[in-house]
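The listed protein sequences derive, respectively, from chains A and B.
Numbering of the first sequence is given in the working numbering, commencing with residue 1 and proceeding in unit increments.
Numbering of the second sequence is given in the working numbering, commencing with residue 1001 and proceeding in unit increments.
Below is one structure, written out as structure tokens; comments come after it.
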Amino acid sequence: KNEVEQSPQNLTAQEGEFITINCSYSVGISALHWLQQHPGGGIVSLFMLSSGKKKHGRLIATINIQEKHSSLHITASHPRDSAVYICAVRVLRGNKLVFGAGTILRVKS
Amino acid sequence: NAGVTQTPKFQVLKTGQSMTLQCAQDMNHEYMSWYRQDPGMGLRLIHYSVGAGITDQGEVPNGYNVSRSTTEDFPLRLLSAAPSQTSVYFCASSYTHPGVYGYTFGSGTRLTVV
């Protein structure tokens, strides 16, 4: 079993819909990252969380340390949000990043 | 600021050839790392460095070498390319390890070994 599991693997939404992507992990962590990878491959860091909630524009990320779970929400989704969203955790032992396999999001107009 | 610059963007190698993937950052980041990304899998750590002169192995180091002679540069060397090394490679850096301020990624190198 992977240390970081994301769901769903694939997600198709209509423009304007509220989107939720989930990330569960099984190891002790010091922080969790949400990343965005657009077609063409570049990876951009969206959020780094160690507790609570962060918001940037239409994106909201939450983390529940006790439940070892994080969610990324996109409000009023737009076709330009189409990308792969990747969850990564910074594990306590060894201080390395462990990545989820990613969620492929497609937003249709 | 250029951020993290990776070259080349695309490369085709024959089995047994060697090559170096370049990674440079201009943010004075101490921590630099190399990952490979394969279909259906998360990024996997190949090698990393916490400062000039210091390198260590990650999850999948076999077949790759690194060096860190300067803060700015962290090249990845494929010693004798194999088809199993066909992948997309990303370099990433941060101010400190374990990345208090988050990570900056390069644009990737798509490598095909035939």
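We put the beta carbon where it would ideally sit given N, CA and C, even for glycine.
Are there 16 or more other CB atoms within 10 angstroms of the CB of residue 72/A, so buried, or fewer, so exposed? buried
Quick one: is residue 1109/B buried, meaning 16 or more other Cβ sit within 10 Å of its Cβ, or exposed? Burial call: buried.
Going along the chain, which residues of its own chain have a beta-carbon closer than 6 angstroms to the beta-carbon of residue 1092/B, five neighbours each way excluded? The beta carbon of residue 1092/B lies closer than 6 angstroms to those of 1033, 1103, 1105 in the same chain, with the five residues before and after it left out.
If the cut is a Cβ gap below 8 angstroms, which residues of chain E does residue 45/A touch? Judged by its chain identifiers, the structure shown contains no chain E, and its protein chains are A and B.
Mind checking which residues open and close the beta strand (DSSP E) that includes residue 5/A? For residue 5/A, the uninterrupted beta strand (DSSP E) run begins and ends at 4-7, by DSSP.
Contact set between the segment 1073-1085 of chain B and chain A, restricted to residues whose Cβ is under 9 angstroms from the partner: none
Applying a beta-carbon distance threshold of less than 7 angstroms, which residues of chain A neighbour residue 1010/B? Here the premise fails: no neighbours, minimum Cβ distance about 11 angstroms.
Partner residues on chain A for residue 1043/B, Cβ-Cβ distance less than 7 angstroms: 99
Between the segment 1-34 of chain A and chain B, which residues of the former have a C-beta closer than 8 angstroms to a C-beta of the latter? Answer in chain order: 2, 4, 30, 31, 33.
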